[in-house]
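Quick note on this note's numbering: the sequence shown kicks off at 6 and runs consecutively.
In this text, a Cβ means the ideal position worked out from N, Cα and C, and glycines have one as well.
Computed from a predicted structure; not experimentally measured.
Below: one structure, written as C-alpha cells.
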Amino acid sequence: MAEDKYTPKPEHKFTFGLWTVGNRGRDPFGDAVRPTLPPVEAVRMLAEVGAYGVNFHDNDLVPIDATPPERDQIVRDFKAACEENGIVVPMATVNLFYEPVFRDGAFTSNDASVRAYSVQKTMRAMDLGAEFGAKVFVLWGGREGVETDGCRRPDEAIKRLREALNYLCEYSLSQNYGYKFALEAKPNEPRADIYMPTTGAYLAFITTLDRPEIVGVNPEVAHEHMSGLNMTHAVAQAWEAGKLFHIDLNDQVPGRYDQDLRFASANLKAAFWLVKFLEDVGYDGSRHFDAHAYRTEDYEGVKDFARGCMRTYLILKEKARQWNNDSEIKSMLADIAKNNPNGSALGKFEKGKAASLLAKEFDRASLAAKGLQYEQLDQLTIDILLGVR
Ligand code: GLT
Ligand code: MN
Ligand code: MN
C-alpha cells in the first residue's frame, strides 16, 4: 500500500500483542490454521506494517517450562529484534488462564497454593516486562469466575482479588518498576460468569485498594459490547476518574461468541465516537489492538488485518477532525451550549440557595416544547462517516 495520510507512524502509538498477530485461528470447533509465529518474526511483521510497539504475556515470549538460561537467551534475542526493528514494549501482562492449574481461577481460586502461585507467576511476569521497559501491566482475570456459585461466595473472591492486587502493587513499588496496573473486565468466556464483568465494576473496586493511585483500567471494546454496553461511556468514566491507563481496541457484535474482530469492522459508528473521544480528550497512551485475523487468513492476511486496524483508526481520527470543524455541526453545538452558559446548573450547595431552588417555578411545558435536532446532528455524522459530506 502506498504511503498516504492514513499510514501509521510511531507517534500514533499503535501496539499489538504477540498473541494477536500470532493467533493461529484455533477455536472450540477447529484446530490451528496458521503455523506458529515465533516472537522475533512477529516483531519483524509489526515493524513491516508500521506498528509502534509489541506487548506480551509472559508465556507468549518465554515458554512456561523454559529453564533460566533458555529464558535469558529468549530475552536477549527478543530485545535484539525489538531494537533492530524499532519496536518498543509499552505493556506486559501475565497468562493466568491457559494452564490447567487455573481451571478454577488464579487470584480467586479456592486453593491457597494456586493463589500464591498466581502471584508468584505475576511477579515474574512483572520482572520480565520491566526488563523491556514496560510501564503498564495489564491484568485480565479470564478464569476468575464460576460455572456454579456454589463453589465460593462471590464476596470472598473479591477479597482474594484485593489481597493479590495489594501484594503486587507493593512488589512493583519495592522493585521501583514504576508500573501502572490496568485491570481488564470481561463478563464471560472462558468462565460462564467472570467476576468484575465491566469496567465500571473495576473502577469501584480500585477505590478499595491500598494503592489506588497506581491502579486503573484497560477497557476493551469487545468486552463491553458483549454485555451490550457502550464502550465510549465506559472509557469516558475511566478517563474522567483519571484511570484510563490502557485500552484494547477490537470489535464484537453483541450476543455472539467472543469475536475479537478487526477494529471497527462490526460497529463503525460506535468506533467513531470512541476514536473521537480519545482524540478530543488527548489520551496519550498506547492504542492497543487486541484482536486477531479471520480464521480464513494466512500470514499475508494477518498483515492485512493489522494494517486494517491502524488504517481505520486513522480514518476515523480524520473524520473526527472533520466533524469538529464542520460549520453546521459547530453551530448546532453552539446552540446546545447556549442553554448551559456556565457549565453548571446548580453551583455549590448552600442552604439559602437550595431554598430558592426549592421555591423556584419551572415552566415544564416550554422547556420540553422545542425539538433538539439530534436527528439532524446524527445524520450529519452519518454523512461524514459515509464520505458524502
Ligand atoms: C486474551 C484476552 C484479552 C486480554 C489479553 C490479556 S489475553 O487474549 O482475550 O482480552 O486482553 O491478558
Ligand atoms: Mn477479548
Ligand atoms: Mn483484551
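* To do: Quickly, what does DSSP pair Ile-163 with across the bridge? List them, please.
  => Ile-163 is not bridged by DSSP to any residue.
* Identity of the residue in Glu-88, Glu-149, Ala-130 and Pro-195 nearest Asp-116 by Cα -> Nearest option by C-alpha distance: Glu-149.
* Residue(s) in a DSSP beta bridge with Glu-189 -> Trp-145.
* **Heavy atoms of ligand 2 versus C-beta positions, residues under 7 Å** => Answer in sequence order: Lys-191, Glu-225, Ala-227, His-228, Asp-253, Asn-255, Asp-263, Asp-265 and Asp-295.
* Asked: Do three or more CB pairs link the region 357-367 to the region 294-308 at distances below 8 Å?
  -> By the C-beta criterion, the region 357-367 is judged not to be in contact with the region 294-308, since fewer than 3 inter-stretch pairs fall below 8 Å.
* Nearest to Ala-37 by CA position, among Gly-27, Leu-351 and Thr-113, is which residue? -> Selection Gly-27, Leu-351 and Thr-113 evaluated against Ala-37 yields Gly-27 as nearest (Cα-Cα).
* **Cβ-Cβ distance between Gly-4 and Lys-140 below 7 Å** => Given a span of 6 to 394 for the chain in the structure shown, any question on residue 4 remains unanswerable.
* To do: State the Cα-Cα distance for the pair Leu-173 and Asp-82, rounded to the nearest angstrom.
  => A direct Cα-to-Cα measurement between Leu-173 and Asp-82 gives close to 28 Å.
* **Residues of its chain near Leu-377, where Cβ-Cβ distance is below 6 Å and the 5 sequence neighbours each way are ignored** => Around Leu-377: no qualifying Cβ.
* What's the C-alpha gap between Thr-237 and Gly-287? -> About 14 Å.
* Residue closest to Pro-224, alpha-carbon to alpha-carbon, out of Ala-241, Phe-210 and Asp-215 -> That would be Ala-241, whose Cα lies nearest to the Cα of Pro-224.
* To do: Measure from the alpha carbon of Lys-375 to the alpha carbon of each residue in Asn-344, Glu-175 and Arg-158, then state which is nearest.
  => Of the candidates Asn-344, Glu-175 and Arg-158, Asn-344 places its Cα closest to the Cα of Lys-375.
* To do: With a cut-off of 8 Å on the beta carbons, I'd call His-230 and Pro-259 a contact; round off their distance for me.
  => A Cβ-Cβ distance of about 5 Å is found for the pair His-230 and Pro-259, placing them in contact under the 8 Å criterion.
* Asked: Below 8 Å, can you find three or more Cβ-Cβ pairs linking the region 92-101 to the region 48-62?
  -> By the Cβ criterion, the region 92-101 is in contact with the region 48-62, since at least three pairs of Cβ atoms, one from each stretch, lie closer than 8 Å.
* Report the option in Ala-47, His-17, Lys-14 and Phe-19 whose CA atom is closest to the CA atom of Arg-29. => Nearest C-alpha to Arg-29 among Ala-47, His-17, Lys-14 and Phe-19: Ala-47.
* Asked: Are Pro-195 and Ser-232 close, meaning C-beta to C-beta below 7 Å?
  -> Contact flag unset, no.
* Measuring from the CB of Glu-194, is there a heavy atom of ligand 1 at a distance below 6 Å? -> Distance from the C-beta of Glu-194 to the nearest heavy atom of ligand 1 is not below 6 Å.
* To do: Decide if the region 163-170 is in contact with the region 269-289; the criterion is three or more beta carbon pairs, one per stretch, under 8 Å apart.
  => The count of Cβ pairs closer than 8 Å, one atom from the region 163-170 and one from the region 269-289, stays below three, leaving the stretches out of contact.
* Evaluate the contact criterion for the region 197-209 versus the region 126-138: three or more CB pairs, one atom per stretch, below 8 Å. => For the pair of segments examined, the region 197-209 was found not to touch the region 126-138: the number of CB pairs separated by less than 8 Å stays below three.
* **Nearest neighbour of Cys-314, chosen from Asp-32, Ala-271 and Glu-175 [CA to CA]** => Closest by C-alpha distance to Cys-314, out of Asp-32, Ala-271 and Glu-175, is Ala-271.
* **Bounding residues of the beta strand (DSSP E) (the contiguous stretch that carries His-293)** => Counting along the chain, the beta strand (DSSP E) containing His-293 begins and ends at 292-294.
* To do: Give the straight-line distance between the Cα atoms of Glu-54 and Glu-8, rounded to the nearest whole angstrom.
  => Glu is not the amino acid found at residue 54; the sequence shown has Val there. Approximately 11 Å between the Cα atoms of the pair.
* To do: Please confirm whether Ala-187 and Thr-203 have their CB atoms less than 7 Å apart.
  => Their beta carbons are not under 7 Å apart, which means Ala-187 does not touch Thr-203 by this criterion.
* Just the Cα atoms here: how many angstroms apart are Phe-34 and Lys-281? -> Going by the C-alpha atoms only, they are around 37 Å apart.
* Note down the Cα distance separating Lys-106 from Glu-355, rounded to an integer number of angstroms. => For clarity, residue 106 is Val in the given sequence; the question names Lys instead. Taken atom to atom, the span from the alpha-carbon of Val-106 to that of Glu-355 is near 58 Å.
* **Residue closest to Tyr-57, alpha-carbon to alpha-carbon, out of Arg-312, Val-80 and Asp-368** => Ranking Arg-312, Val-80 and Asp-368 by Cα distance to Tyr-57 puts Arg-312 first.
* For ligand 1, is there a heavy atom less than 6 Å away from the beta-carbon of Glu-8? -> Remark: the shortest separation between the CB of Glu-8 and any heavy atom of ligand 1 does not fall under 6 Å.
* Presumed contact (8 Å Cβ cut-off) between Gly-155 and Phe-142, rounded CB distance -> Contact between Gly-155 and Phe-142 does not hold, since their C-beta atoms are separated by about 33 Å, which reaches or exceeds 8 Å.
* Asked: Do you know whose CA, among Thr-41, Ile-199 and Thr-317, lies nearest Ala-114's CA?
  -> For the record, residue 114 in the displayed sequence is Ser; it is not Ala. Closest in alpha carbon position to Ser-114, among Thr-41, Ile-199 and Thr-317, is Ile-199.
* To do: For the beta strand (DSSP E) holding Val-59, just list the boundary residues, first then last.
  => Where Val-59 is concerned, the enclosing beta strand (DSSP E) stretches over 58-62.
* 8 Å contact criterion, which Leu-23 and Pro-44 should meet: CB distance rounded -> The beta-carbon distance between Leu-23 and Pro-44, rounded to whole angstroms, is 6 Å. This is short enough to meet the 8 Å contact definition.
* **Which listed residue (Ile-219, Gly-110 and Tyr-103) has its alpha carbon closest to that of Ile-163** => Selection Ile-219, Gly-110 and Tyr-103 evaluated against Ile-163 yields Gly-110 as nearest (Cα-Cα).
* Tell me whether Trp-145 counts as near ligand 1, meaning its Cβ is closer than 6 Å to at least one heavy atom of that ligand. => Yes.
* To do: Mind checking which residues open and close the alpha helix (DSSP H) that includes Phe-277?
  => It spans 273-286 - the alpha helix (DSSP H) in which Phe-277 sits, taken as one unbroken run.
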